[in-house]
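See below for the structure under consideration.
In the numbering used here, the protein residues as written are 1 to 318.
Following this line, the structure appears as structure tokens:
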């Protein structure tokens, strides 16, 4: 809707009456997203930033479109810029939009094709709020909920009022692993994995009450930053007790979600192959300074890459 506080070329995106994004769109221009900073100087237009990922870009006239494409730019029209931005914002705010009433309506839609699944379980045996909480947790891990019926069946199978939510969610997550991994398969149709293995099968969390991040986890964060590309999106395998904690940690440290599996979910999974294994070792020497602001480091770690490249998860666990 119109907003007098916005400039003529500005738009704002609001969720639940709260502004969550604001940018500019030139209706008579095309947005050339640049492959490198050098291309900025060769295009005649208004320099800006692509609103979703912050990439360098230039608003150009229509007659420059061919030139920009020949220089390797991605060129999109004004409407596509706004639609892409809106889609990303909706994805980021999906948890806010998934209200209790929205879940009730989703169940009503599911009743049309699977009446017994809904009528025999909701809300008599499984509280609708429990399903809502599972869906929100999945979205926070950047796991799509399009396979709604599969998720509902998993909640029905594992849910109920007699179990803790953490146990219910982890069981649901384990059941969804095959669907989750489809989006991470490489060109070889397998999924690269980095294993995080604390010494003696312990926890990756250390320090009093698990409040400190060990160097082991920092090694993992640095490794992911080094190797993650559009073509290489490794999943992370950690001890079961650390899975949800590590997922949250990586989301904060990397600014985006990473797929984190428990070791129980990875065992004998033919889709996984190990590209790296990070292990903790005992070291009585002083802790070295590490330039990483994400946590207070109190342990040492090493990255063991010996003969792990290409190793399957099944072979690793033999």
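Glycine included, each C-beta is placed from N, C-alpha and C at the ideal position.
Nothing here was measured: the structure is a model prediction, and the numbers come from that model.
Beta-ladder partner(s) of residue i, from DSSP
{"i": "residue 192", "result": "273"}
{"i": "residue 21", "result": "13"}
{"i": "residue 46", "result": "59"}
{"i": "residue 177", "result": "Paired residue(s): none; residue 177 is not in a bridge."}
{"i": "residue 197", "result": "279"}
{"i": "residue 260", "result": "236"}
Residue i vs residue j beta-carbon contact at 7 angstroms
{"i": "residue 107", "j": "residue 135", "result": "no"}
{"i": "residue 250", "j": "residue 240", "result": "no"}
{"i": "residue 32", "j": "residue 11", "result": "no"}
{"i": "residue 30", "j": "residue 75", "result": "yes"}
{"i": "residue 43", "j": "residue 60", "result": "yes"}
{"i": "residue 45", "j": "residue 58", "result": "yes"}
{"i": "residue 103", "j": "residue 128", "result": "yes"}
{"i": "residue 126", "j": "residue 180", "result": "no"}
{"i": "residue 52", "j": "residue 5", "result": "no"}
{"i": "residue 169", "j": "residue 120", "result": "no"}
{"i": "residue 263", "j": "residue 237", "result": "yes"}
{"i": "residue 278", "j": "residue 196", "result": "yes"}
{"i": "residue 145", "j": "residue 158", "result": "no"}
{"i": "residue 271", "j": "residue 190", "result": "yes"}
{"i": "residue 78", "j": "residue 27", "result": "yes"}
{"i": "residue 184", "j": "residue 233", "result": "yes"}
Residue i: first and last residue of the uninterrupted alpha helix (DSSP H) it sits in
{"i": "residue 33", "result": "Note, residue 33: premise wrong, no alpha helix (DSSP H); beta strand (DSSP E) at 30-33."}
{"i": "residue 156", "result": "148-158"}
{"i": "residue 145", "result": "Run containing residue 145: none; DSSP gives neither H nor E here."}
{"i": "residue 226", "result": "215-227"}
{"i": "residue 247", "result": "243-254"}
Distance between beta carbons of residue j and residue i, contact taken as under 8 angstroms
{"i": "residue 273", "j": "residue 192", "result": "6 angstroms"}
{"i": "residue 139", "j": "residue 152", "result": "About 15 angstroms; that fails the 8 angstroms criterion."}
{"i": "residue 247", "j": "residue 260", "result": "4 angstroms"}
{"i": "residue 216", "j": "residue 194", "result": "Not quite, the Cβ-Cβ distance comes to about 12 angstroms (not below 8 angstroms), so this is no contact."}
{"i": "residue 156", "j": "residue 117", "result": "7 angstroms"}
{"i": "residue 186", "j": "residue 231", "result": "7 angstroms"}
{"i": "residue 94", "j": "residue 149", "result": "Not confirmed; about 18 angstroms, so no contact."}
Limits of the unbroken beta strand (DSSP E) element including residue i
{"i": "residue 267", "result": "Segment: none, residue 267 is in no beta strand (DSSP E) and carries neither H nor E."}
{"i": "residue 235", "result": "235-238"}
Inside the region 50-82 only - alpha helix (DSSP H) runs reaching at least 4 residues: If we require 4 residues or more, the alpha helix (DSSP H) runs fully inside the region 50-82 come out as 65-70.
Runs of beta strand (DSSP E) wholly within the region 72-136 (minimum 3 residues, chain order): For the region 72-136, whole beta strand (DSSP E) runs of length 3 or above, ordered along the chain, are 74-77.
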